[in-house]
Ligand code: ATP
Ligand code: MG
């Protein structure tokens, strides 16, 4: 496959900063808000931040951005940690933005003392109404020129809980005429009475993201604070906060384009709705674009990292085809997954001239340099896949029909002599004969057949349930509410028989079921019935 690797402009910046001595050690961070599970978009940010750590022998913190007490939850904290570890990354420090609430409060006090912040009595609506537009400047708040003493007094009383939620806010005093609306005296503290998952009821004033984030970065000594493009217009405010709080070591915000994937909605709010309204089995449903979902779907962590590397980082928003991700996953599985034989819609084959049984050795993975073999039993009664037999085949049909011959993978050539049907005319059994001289690896039969099909020993097999998938959102349905696009038929169940070896598989073990697709063992498996999720099909549909 073509390596399409965009040049990484972030590394260019880092290289320059190192060359001119601006920084000596590279420090990044990954700052998720614990208000949902991580998705494939987060994987891109993770690969970027932890990739830089690895490449530059630097550091990367995991910092939970928990400055909004209303939406956050401990359940998410645990899932985020697990997902990051699964992806193969390890953080240097594990931190919570809420650990800095006191320091942030102190910095706000510092700004007030410098005359750079004021308590404003306007409501959120009034503030928004007076903010101006892209072409018109905003109007200054009537409270903008309160004295330092009055501001200090009011801010401490806000903290003590003397005012109602929303009654007062603390605003940075910057420039209501700035062409950048973010610089028009932005709110930096608000009153919210809510129990915080970390600090409980200790605080009733909370910092806004734009104030909190640069402070968190600066305190931790982050050198390059990488975020998505929508924060580009916030960068002047980020720099303003760093400068006005008088941090010596100044972190640098760099924006990149977020990952969008065709026909995939990553919004946490939407994914949460799918879970809560039981459209899916949970956050880790194999159809979900969450990290735990794609893990359960069987995407190898290494393939996900490879995908993130190959799509590169850009400064312009774009969309990546889902088939490209699948194509990378397929490439990894083709290389790494052992092959196994399984049949769906089984048809019984009885070999009239074969007696007893034998054990054959079949190669696990022809792509693997180190050849390993597995044992597969063969006997008089076998099953083949229902799709490999036709009563009235079209011309040039290379699989089985009455009078036709095929090779059973790793075993013998068989010929179909007779077809036994039930009362309804359904095929019940194929009476076949095998060519004793045609054994794979030592074939002296002189017979050439074009078709090779998989099979299982009818006296020694395992029963499986295959879970086959289509995209969870039907691209054909045109709806603004994504929930209407949800395809209730996006998961279908199929029974299958497989080689007994499948019983040794552990949850998350991945296989190529020959001529069917790639599958992963699911946690719903029981000793009697193994459940396998379809990872990707065999055919690459990515249009290069
Ligand atoms: P959502 O809008 O779904 O709630 P978010 O951006 O608010 O997502 P955070 O938890 O704040 O989610 O994100 C943590 C980090 O992951 C941030 O640095 C954010 O920029 C990054 N990130 C989130 N979504 C994507 C994406 N689709 N592509 C790349 N990076 C992303
Ligand atoms: Mg966010």
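Numbering (the working numbering), first residue to last: 35 to 578.
All residues carry an ideal CB built from backbone N, CA and C; glycine is no exception.
Note that the structure is predicted; figures quoted are calculated from it, not measured.
For my contact list, residue i and residue j are in at a C-beta cut-off of 8 Å; report their separation, rounded to the angstrom.
i	j	result
residue 390	residue 440	That pair is no contact at about 22 Å.
residue 476	residue 448	The pair is not a contact, with the Cβ atoms about 17 Å apart (cut-off 8 Å).
residue 102	residue 94	23 Å between Cβ atoms; not a contact.
residue 360	residue 570	5 Å
residue 556	residue 541	7 Å
residue 317	residue 327	7 Å
residue 230	residue 132	6 Å
residue 395	residue 407	4 Å
residue 204	residue 189	6 Å
residue 251	residue 63	7 Å
residue 442	residue 299	With 8 Å as the limit, residue 442 and residue 299 do not qualify as a contact, their Cβ atoms being about 45 Å apart.
residue 431	residue 473	The pair is not a contact, with the Cβ atoms about 25 Å apart (cut-off 8 Å).
Does the Cβ of residue i have 16 or more other Cβ atoms within 10 Å, making it buried, or fewer, making it exposed?
i	result
residue 207	buried
residue 539	buried
residue 81	buried
residue 303	exposed
residue 511	exposed
residue 367	buried
residue 286	buried
residue 462	exposed
residue 522	exposed
residue 577	exposed
residue 162	exposed
residue 220	buried
residue 196	exposed
residue 560	exposed
residue 254	buried
residue 178	exposed
residue 202	buried
residue 573	exposed
residue 92	buried
residue 128	exposed
residue 168	exposed
residue 238	buried
residue 454	exposed
residue 544	buried
residue 425	exposed
residue 551	buried
residue 42	buried
residue 398	buried
Do residue i and residue j have their C-beta atoms closer together than 8 Å?
i	j	result
residue 279	residue 144	yes
residue 243	residue 226	no
residue 483	residue 417	no
residue 434	residue 451	no
residue 497	residue 563	yes
residue 75	residue 321	no
residue 106	residue 67	yes
residue 375	residue 530	no
residue 31	residue 276	Not covered by the structure: residue 31. The range shown for the chain is 35 to 578.
residue 481	residue 444	no
residue 288	residue 258	yes
residue 114	residue 86	no
residue 546	residue 371	yes
residue 401	residue 369	yes
residue 528	residue 378	yes
residue 324	residue 71	yes
residue 77	residue 261	no
residue 217	residue 270	yes
residue 138	residue 174	no
residue 233	residue 98	no
For chain D, is any of its Cβ atoms less than 8 Å away from the one on residue i?
i	result
residue 441	Going by chain labels, chain D is absent from the structure shown, which holds only one protein chain.
4-residue-minimum alpha helix (DSSP H) runs that sit fully inside the segment 37 to 105, ordered along the chain: 43 to 53, 74 to 89
contact_flag[the segment 174 to 188, the segment 147 to 162] where n(CB pairs < 8 Å) is 3 or more: yes
The segment 209 to 224 in contact with the segment 155 to 167 per 3-pair CB rule at 8 Å: yes
Residue ranges of each beta strand (DSSP E) within the segment 205 to 281, 3 or longer: 221 to 225, 239 to 241, 258 to 262
Three or more C-beta pairs below 8 Å linking the segment 104 to 124 and the segment 333 to 346: yes
Beta strand (DSSP E) runs contained entirely in the segment 478 to 550, provided each spans 3 or more residues: Listed in chain order, they are 489 to 491, 495 to 503, 525 to 533, 544 to 547.
Validate contact between the segment 261 to 278 and the segment 40 to 53 using beta carbons, cut 8 Å, 3 pairs: no
Continuous alpha helix (DSSP H) assignments of at least 4 residues falling wholly in the segment 332 to 399: 335 to 345, 356 to 370
Complete alpha helix (DSSP H) runs within the segment 428 to 457 (minimum length 4 residues, chain order): The alpha helix (DSSP H) runs lying completely inside the segment 428 to 457 and spanning 4 residues or more number zero.
3 or more residues per run - each beta strand (DSSP E) lying fully within the segment 128 to 176: 128 to 130, 151 to 154
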